[in-house]
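Enquirer: Mind having a look at this structure? Questions to follow.
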Amino acid sequence: MGSLQLGRPFTDTSASGEGLYNKVVLSAFEDSYSETGKSYDYQLYMDDEWVAGFCLNRKGNPIDKIYFYSSRIAVPGGLRLGMPLREAVGKGLKVLASPDMLGESQCGIVLTMDMDYIHFDIAEELSQEHFTSSGWQRIQSEIDFEDYNSIELTPDDIAPEVGLSSLSIQR
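As numbered in the working numbering, residues 30 to 200 make up the sequence shown, in order.
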């Protein structure tokens with residue numbers, strides 16, 4: 030995507046009219062895990078819309094993970110933010126429910142695709158309301174918490190209003 034490429038240093042092309050973003054907001058923060066003691070947060074905007082972001086532990090380092098926040102961004106196969114999860118499953122997204130992410134009040138979902146470097150999230154906290162009654166029953170009955178197995182969900186397991194809320198690509 031133009032100047033925003035995994036494995037390459039970032040070059041600000043916001044004034045070039047490239048089309049992905051036209052404003053960069055850069056902030057530094059203390060980071061005890063960084064060899065320099067600080068890291069840099071880059072937030073890219075198209076006018077007022079937050080399009081993408083990434084962090085670097087040193088300016089000029091290659092980008093290793095990009096987060097996308099705009100529904101204008103799509104990945105191969107037509108997957109995009111905001112699309113209903115049921116539709117995404119129909120486009121080849123494989124949805125797994127894993128026991129280590131299930132709890133009494135929330136249910137985490139691991140989403141995987143053929144391209145293992147693309148990760149989607151549904152929501153920070155998922156609960157029974159995010160699933161059909163039959164889907165929730167499957168999760169409760171088919172996951173073995175001792176063996177930590179995962180089950181693949183079908184479109185019929187997922188409530189119609191659940192959509193993809195974030196996208197990250199990493200190297």
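Where a beta carbon is used, it is the ideal one built from N, C-alpha and C, also for glycine.
For S43, which residues of its own chain have a beta-carbon under 8 Å away from its beta-carbon, when the five flanking residues on both sides are left out?
Expert: Correct list, in chain order: Y50, N51, K52, V53 and L73.
Enquirer: Going by DSSP, what residue range makes up the beta strand (DSSP E) through S68?
Expert: It spans K67 to M75 - the beta strand (DSSP E) in which S68 sits, taken as one unbroken run.
Enquirer: Give me whichever residues DSSP pairs with W79 in a beta bridge.
Expert: Paired residue(s): Y74.
Enquirer: Taking the C-alpha atoms as reference points, what is the distance between N90 and G107?
Expert: Those two C-alpha atoms are separated by around 30 Å.
Enquirer: How would you write the range of the alpha helix (DSSP H) that E171 sits in, first residue to last?
Expert: Segment S162 to E171, the alpha helix (DSSP H) holding E171.
Enquirer: Only counting the same chain, and skipping five residues up and downstream in sequence, which positions put a Cβ closer than 8 Å to that of E158?
Expert: Counting only Cβ-Cβ distances below 8 Å, and skipping sequence neighbours, we find A188.
Enquirer: Taking contact to mean 3 or more Cβ pairs, one atom from each stretch, closer than 8 Å, check whether the segment 91-101 and the segment 158-170 are in contact.
Expert: Touching, no.
Enquirer: Take Y96 and list the residues in its own chain whose beta-carbon comes closer than 6 Å to its own, dropping the five residues that flank it on each side.
Expert: Around Y96: G82 and S197.
Enquirer: How many Å lie between V124 and D60 at the Cα?
Expert: So the alpha carbons of these two residues sit roughly 33 Å apart.
Enquirer: Determine the direct distance from the alpha carbon of L55 to that of Y71, and round the result to whole angstroms.
Expert: Near 5 Å, if we compare the C-alpha coordinates of L55 and Y71.
Enquirer: Can you give me the Cβ contacts of Q257 inside the same chain, cut-off strictly under 8 Å, excluding the 5 residues immediately before and after it?
Expert: Residue numbering for the chain in the displayed model covers 30 to 200; residue 257 lies beyond these limits and cannot be assessed.
Enquirer: Report the partner residues of L55 according to the DSSP bridge assignment.
Expert: Per DSSP, Y71.
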